[in-house]
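Trainee: Dropping a structure here in structure tokens format, bear with me for questions.
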Amino acid sequence: MRATAPKTHGPDLASLLSYGDIFDRRHCYIAGMALIDVSDLTKIFRRPQKRPGLLGSFRHLIERRFTDHVAVDHLNLSVERGEAVAYVGPNGAGKSTTVKMLTGILVPTSGDIRVAGLTPHRDRVTNARNIGVVFGQRTQLWWDLPVRDSLELLRDMHGIPEARFRRTVERLDAVLKLTEILPSTARRLSLGQRMRADLAAALIHEPAIVYLDEPTIGLDIAVKDQVRAFVKQLIAEGTTVMLTTHDLGDIEDICHRIVILDEGRLLYDGDLQAVKDNYARERTMHFQVATPITDPAALAVRLPGATITRGDSDREIAVTFDRLAIAAGDVLSAVFEHAEVVEVEIDEAAIEHVVRKVYAGELKLAAQRAKEAA
Amino acid sequence: MTLPLDAGRTVNVPFRAYRRLALAALRSLTAYPMSFAFSMLASAFSALAMLYLWRAVLSNGRASSGFDWPHMKAYLLVTFVANSLVSAYTDYQMCLRIRQGDIAMDLIRPLDYQRARFAEACGFGLYEAGAGIGAVAVATLIFGGLPAPSLRSFGLFLLSAVFVLPLRFGIVYTSGLVTFWTQNYVGVQAARIALVTFLSGSLVPLAFFPGWLRVIAGAAPFAGMASTPALIFGGQLQGAAALRAVGVQAVWTVALWLLARAFWLRASRQLTVNGG
């Protein structure tokens, strides 16, 4: 689990100044505290327990039974200013519930949340000024108004001066190609257009923290790429981003840190590259050769630790190896010694495999093992 | 493009934001003119039925419980406009958004939830009042003119009319919040409409009620939602009694607003947003 202790670098003058207005409002912002600080956060939903059938429904009216469903279970998390965090987990893991508590929509059952010194559900309106939110399955646009009017409404709500508003729209337009969608009403937009408009709506007040909850859901590859490029740019500009997604392609080149959640509990919190180095080291090279390899055993000796498997035909072989132990070049030259290579294909271990294994319970990450040992 | 957190912006949401929200609500209604026309037609027919019914009852030229035909006509038309305010849009939309979880999108805006809904109710109200007054103009062409109130009565009437929308909003908004518990609004809405229609005197003037019920209805917030302005318009409520009735309206307006706020605090803890 990631340590929540203060980082070695204290807040610089600029970030202290930017927190000035929080001091003014006497919110207890402590210097050095993380931008998002979650401790022991728990959310329990009460669900009616109905017996099957019509009779069961009637019985529920008289004899009400409920079961408690723990959506988020004693979660600890801390995010520094400017970090890009991927928040992943299977359906029902509690990702969205966490985001809804961080944005002040849901009230936690217990535990503590601080976002820029504010408690979101108590200071919801003030917190809303600091954050931008996109829920991929919902829209915050006014359904019957042109997108431009929706943005202007948000301008008035956030009290953005006209000049700055126009500058921001221009900047967003450059990346999100808003010009074509500004005049049409939200209900006439395609899913891809709507998502671009929703991103613009979430960012029109230039929030310091952005929560993206499945921002690429249902989008085609081209729009997905646009959205990803846009999020990357946001992060480069210093925005703190928390990205919830099922699409692991979203996170791989966007986030440096990954938090894996399952059944409301934290499974892993750490460096994305470290996860890959530790758990996604397997690399497979597929070879198509001109003539069948005569002596596979000799090849195996040449590449200790690698697994050599035959493909569908005797002209196909696959070499699976630890990419940190053996270099791809070594594998290549070893195979060249034994056969005439026609075609090579490399399967890179993706974070996707790791996460899938974690979901399936096949892989226990270090943090998890430590927890069970304790 | 990242700015310092919340830099240089006041915590108070500018009034302009709520005004824009009201206008947005008004505009969203104009997006569906046919739907609005049909709902107006439905309520115009029920008003028409009431007018014919009372004309038949009072056809012998005698007054009943202080109402003769011209005064009853004025009473019915004023309550018709009052009833068309905060009709169904506010709670319908609220409940739909609560049920479908779109309320999440309302809560990420830097707006007070109750004030925002009130702003929208005002926007809808402009449209509803406009259409209602238009329908009344048509009705007076069919049924003949209304007794003109005195200037003093008319002034008090306008004052009293101002409270109709916030009073109705208080009830509609609070009953809409029940969706947080029930997840279904149909029954709650039907009960609310029945209660308000009956106790506000828009079905039968309160003067026709038995004494004890009249006292209860007069002290409850409901009379102020239709009966009070209608009686002041017709001149049946005058002087100190009229002022007292407007005072009751004012007190209930504030009380309902605060009650609704307290209710919201409980309701928002009940919130479950399912599915993404």
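Chains as they are written, first to last, in my numbering: chain A, 142 to 515; chain B, 27 to 302.
Where a beta carbon is used, it is the ideal one built from N, C-alpha and C, also for glycine.
The structure displayed is predicted, hence computed values, not measured ones.
Strictly below 8 Å CB to CB, what residues from chain A border B/ALA70?
Mentor: Numbered from its first residue, the second sequence carries residue 70 of chain B at position 44. The contacting residues do not exist; B/ALA70 stays about 25 Å from chain A at best.
Trainee: Can you tell me the Cα-Cα spacing of A/VAL483 and A/LYS241, whole angstroms?
Mentor: The residue labelled residue 483 of chain A in the question sits at position 342 within the first sequence. The residue labelled residue 241 of chain A in the question sits at position 100 within the first sequence. So the two alpha carbons sit approximately 53 Å from each other.
Trainee: So what does DSSP say about B/GLY227, is it helix, strand or coil?
Mentor: Here residue 227 of chain B refers to the residue found at position 201 when the second sequence is read from its first residue. It is coil, neither helix nor strand.
Trainee: Which stretch, first to last residue, makes up the beta strand (DSSP E) that contains A/THR385?
Mentor: Residue mapping note: residue 385 of chain A aligns to position 244 of the first sequence, counting from 1. Taken as a continuous stretch (DSSP letters only), the beta strand (DSSP E) holding A/THR385 covers 381–386.
Trainee: Determine the closest residue to A/ILE458 out of A/ARG497, A/ALA441, A/ILE467 and A/GLY446, with distance taken between C-alpha atoms.
Mentor: As a first step, residue 458 of chain A is located in the first sequence; it is residue number 317 there, counting from the start. Minimum Cα distance to A/ILE458 is reached at A/ALA441.
Trainee: What's the C-alpha gap between B/LEU49 and B/ILE124?
Mentor: Locating residue 49 of chain B in the second sequence gives position 23, where the first residue counts as 1. Locating residue 124 of chain B in the second sequence gives position 98, where the first residue counts as 1. Cα to Cα, the separation comes out at about 22 Å.
Trainee: Would you kindly report the start and end of the unbroken beta strand (DSSP E) that includes A/THR357?
Mentor: Along the first sequence, read from residue 1 onward, the residue named residue 357 of chain A stands at position 216. Looking at the DSSP string, A/THR357 is not in any beta strand (DSSP E), and its letter there is neither H nor E.
Trainee: Can you find a CB in chain B that lies within less than 9 Å of the CB of A/LEU295?
Mentor: Residue 295 of chain A sits at position 154 when you count from the first residue of the first sequence. Judged by the 9 Å Cβ criterion, A/LEU295 is in contact with chain B.
Trainee: Rounded to whole angstroms, what is the Cα-Cα separation between A/SER251 and A/VAL211?
Mentor: Translated into the one-based positions of the first sequence, residue 251 of chain A becomes position 110. Translated into the one-based positions of the first sequence, residue 211 of chain A becomes position 70. Their backbone Cα atoms lie some 11 Å apart in a straight line.
Trainee: Hey, would you say A/THR432 sits closer than 9 Å to A/TYR228, going by beta carbons?
Mentor: As a first step, residue 432 of chain A is located in the first sequence; it is residue number 291 there, counting from the start. As a first step, residue 228 of chain A is located in the first sequence; it is residue number 87 there, counting from the start. For A/THR432 and A/TYR228, no; Cβs fall outside 9 Å.
Trainee: Identify the continuous beta strand (DSSP E) that holds A/PHE186 and give its terminal residues.
Mentor: Here residue 186 of chain A refers to the residue found at position 45 when the first sequence is read from its first residue. Its beta strand (DSSP E) spans residues 177–189.
Trainee: Residues in the same chain with beta-carbon distance under 7 Å from A/GLY223, minus the five sequence neighbours each way, listed in chain order, please.
Mentor: Taking the first sequence and counting its residues from 1, the one referred to as residue 223 of chain A is at position 82. GLY379 and THR381.
Trainee: So, using beta-carbon positions, are B/ALA43 and B/LEU137 closer together than 9 Å?
Mentor: Reading the second sequence from its first residue, position 17 is the one you call residue 43 of chain B. Reading the second sequence from its first residue, position 111 is the one you call residue 137 of chain B. Yes, the pair counts as a contact, with Cβ atoms nearer than the cut-off.
Trainee: Evaluate B/ILE129 with the Cβ neighbour count: other Cβ atoms within 10 Å of its Cβ, from every protein chain shown; 16 or more gives buried, anything less gives exposed.
Mentor: Within the second sequence, residue 129 of chain B is the residue found at index 103, counting from 1. Answer is buried; the Cβ neighbour count reaches 16.
Trainee: Out of A/ASP436, A/ALA225 and A/ALA175, which has the shortest C-alpha to C-alpha gap to A/ALA377?
Mentor: Against the first sequence, residue 377 of chain A aligns to sequence position 236. With distances taken between Cα atoms, A/ALA377 lies closest to A/ALA225.
Trainee: Listing by chain order, which chain A residues have their CB less than 9 Å from the CB of B/LEU137?
Mentor: Residue 137 of chain B sits at position 111 when you count from the first residue of the second sequence. In chain order: VAL266, ALA269 and MET298.
Trainee: Of all the CB atoms in chain A, is at least one closer than 9 Å to the CB of B/TYR101?
Mentor: Position 75 of the second sequence holds residue 101 of chain B. Not closer than 9 Å to any Cβ of chain A, the Cβ of B/TYR101 fails to qualify, so no.
Trainee: List the whole-angstrom C-beta distance separating B/GLY244 from B/SER179, where the pair is believed to meet the contact cut-off of C-beta under 8 Å.
Mentor: Taking the second sequence and counting its residues from 1, one reaches residue 244 of chain B at position 218. Taking the second sequence and counting its residues from 1, one reaches residue 179 of chain B at position 153. So it is not a contact: roughly 19 Å between Cβ atoms.
Trainee: Find the residues of chain B that neighbour A/ASP285, judging by a C-beta separation of less than 9 Å, and give them in chain order.
Mentor: Indexing the first sequence from 1 puts residue 285 of chain A at position 144. What A/ASP285 touches in chain B: ALA50, ARG53, SER54, LEU55, THR56, ALA57 and TYR58.
Trainee: Does the count of Cβ pairs from the region 391–403 of chain A and the region 443–455 of chain A closer than 8 Å reach three?
Mentor: Taking 8 Å as the limit for Cβ pairs, the verdict is that the region 443–455 of chain A does not touch the region 391–403 of chain A.
Trainee: Can you name the residues that DSSP bridges to A/GLY411?
Mentor: Translated into the one-based positions of the first sequence, residue 411 of chain A becomes position 270. A/ILE399.
Trainee: Under the rule that 16 or more other beta-carbon atoms within 10 Å means buried, what is B/ASN210, buried or exposed?
Mentor: Here the question's residue 210 of chain B lines up with position 184 in the second sequence. Its Cβ having fewer than 16 others within 10 Å, B/ASN210 is exposed.
Trainee: So A/LYS236 and A/GLY230 are supposed to be a Cβ contact under 8 Å. How far apart are they, rounded?
Mentor: As a first step, residue 236 of chain A must be located in the first sequence, where it is residue number 95. As a first step, residue 230 of chain A must be located in the first sequence, where it is residue number 89. A/LYS236 to A/GLY230, Cβ: 5 Å. Contact.
Trainee: Taking only runs that begin and end inside the region 223–298 of chain A, name each unbroken alpha helix (DSSP H) of 4 or more residues, in chain order.
Mentor: Runs of the alpha helix (DSSP H) inside the region 223–298 of chain A: 236–243 and 265–271.
Trainee: With distance defined between alpha-carbon atoms, name the residue in A/ASP412, A/VAL495 and A/ALA341 nearest to A/GLY273.
Mentor: Translated into the one-based positions of the first sequence, residue 273 of chain A becomes position 132. Looking at the Cα atoms, A/ALA341 is the closest of the given residues.
Trainee: Sort B/LEU221, B/PHE259, B/ILE258 and B/ALA256 by Cα distance to B/ILE16 and report the nearest one.
Mentor: Absent from the structure is residue 16 of chain B, since the part of chain B shown begins at 27 and ends at 302.
Trainee: Could you confirm whether any beta carbon from chain A is found closer than 9 Å to the beta carbon of B/ILE168?
Mentor: One-based indexing of the second sequence puts residue 168 of chain B at position 142. So, not an interface residue.
Trainee: Is B/ALA268 helix, strand or coil by DSSP?
Mentor: Here residue 268 of chain B is taken as the residue at index 242 of the second sequence, counted from 1. Residue state, collapsed to three classes: helix.
Trainee: So A/THR461 contacts chain B; which residues on that side make the cut at Cβ distance below 9 Å?
Mentor: As a working mapping, residue 461 of chain A is identified with position 320 in the first sequence. By Cβ distance, chain B contributes nothing, its closest Cβ being about 37 Å from A/THR461, past 9 Å.
Trainee: Could you work out which residue in A/ASN268, A/VAL275, A/ASN232 and A/GLU321 is closest to A/GLY289 when comparing CA atoms only?
Mentor: Counting from 1 along the first sequence, the entry for residue 289 of chain A is found at position 148. Correcting the residue type first, residue 289 of chain A is Arg in the shown sequence and not Gly. If we check each option's Cα against that of A/ARG289, A/GLU321 comes out closest.
Trainee: Between which two residues does the alpha helix (DSSP H) containing B/ASP132 stretch?
Mentor: Taking the second sequence and counting its residues from 1, one reaches residue 132 of chain B at position 106. Per DSSP, B/ASP132 belongs to the alpha helix (DSSP H) from 129–133.
Trainee: I want to verify the contact list: residues of chain B whose CB lies under 9 Å from the CB of A/ARG255, in sequence order.
Mentor: Position 114 of the first sequence, counted from the first residue, corresponds to residue 255 of chain A. Per Cβ cutoff of 9 Å: no residues; A/ARG255 is ~13 Å from chain B at best.
Trainee: For a contact defined as C-beta to C-beta under 8 Å, what are the partners of B/LEU297 on chain A?
Mentor: In the second sequence, the residue the question calls residue 297 of chain B occupies position 271. Neighbours of B/LEU297 on chain A, chain order: ILE246, LEU247 and VAL248.
Trainee: Distance, Cα to Cα, A/GLN334 vs A/PRO324?
Mentor: Along the first sequence, read from residue 1 onward, the residue named residue 334 of chain A stands at position 193. Along the first sequence, read from residue 1 onward, the residue named residue 324 of chain A stands at position 183. One C-alpha to the other measures close to 12 Å.
Trainee: Starting from the Cα of A/ARG497, find the closest Cα among A/ILE401, A/LEU282, A/VAL485 and A/ARG406 and give me that residue.
Mentor: Taking the first residue of the first sequence as 1, we reach residue 497 of chain A at position 356. The option with the nearest alpha carbon to A/ARG497 is A/ILE401.
Trainee: By the three-class DSSP mapping on this structure, what secondary structure does B/PHE144 have?
Mentor: On the second sequence, position 118 is the one that residue 144 of chain B refers to. Correct three-state label for B/PHE144: helix.
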